[in-house]
Each structure stands twice: as C-alpha cells, then as structure tokens.
Amino acid sequence: MKRKRRTPEQVIALLRDAEADLAAGLSVEQVCKKIESASRRTSAGRASTAGAKGNTMKRLKQLEAENKQLKKAVADLTLEKQALKDIAEGNF
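Pasting the structure below:
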C-alpha cells in the first residue's frame with residue numbers, strides 16, 4: 024500500500040483533530056483509523072509537533088535540510104584537508 028505524503032500543515036491539522044477526538048472519548052485505535060495512520064506514528068507525531076504551528080513545522084523542515092547540506096560540506100572539507108595533509112607529509 025502506497026504511503027500518503029502530507030504537508031506539515033496537514034499533519035498538524037490531523038493531529039489537532041485527533042486530540043479533539045481523544046478528548047471526546049474515542050480510543051486511540053478509532054482515532055488512528057479515522058485519520059488513516061498507525062497508532063505508533065500518531066503518538067510520535069503528537070510528541071514531536073506538540074503545540075507547533077504550520078509555519079514552525081515548515082521552518083523546521085528547512086532547517087533540517089540546511090543542516091544536512093552543512094554536514095555534507097564539513098565532511099567534504101575534512102576529507103580534502105586530510106588529503107592535502109597527507110600530500111604535504113609525503114605519505115601518498
């Protein structure tokens with residue numbers, strides 16, 4: 024079964040609806056079935072997005088992507104530095 028892709032805004036809206044349903048007395052399994060999600064994923068999503076707004080989630084995703092790029096750049100520069108150091112020492 025193909026997984027549905029949802030925007031951060033859609034996830035937050037679904038989680039808010041789920042919280043309302045849980046407060047109304049529905050069980051976790053019923054709420055998960057209603058929003059078409061696994062209970063474990065829903066619990067993790069509620070914990071990670073507690074009180075977040077759509078813009079906050081979008082910014083978080085942007086920062087994660089930027090962090091990934093920066094980590095890659097640092098790794099590349101570290102390899103280049105080590106290669107230059109080895110060449111300077113004559114260990115090639």
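Residue 24 is where the sequence shown starts when you use my numbering, and the numbers rise one by one after that. Ideal Cβ positions, reconstructed from N, Cα and C, are used throughout, including at glycine.
Item                                                                                              : Value
C-beta atoms of isoleucine 35 and methionine 80 nearer than 8 Å                                   : yes
Span separating the alpha-carbon of lysine 95 from that of glutamate 89                           : 10 Å
Coil, strand or helix - leucine 102 by DSSP                                                       : helix
Coarse secondary structure for asparagine 114, derived from DSSP in three states                  : coil
Residues near isoleucine 58 by beta carbon distance below 8 Å, same chain, minus five either side : Leu37, Asp40, Ala41 and Thr65
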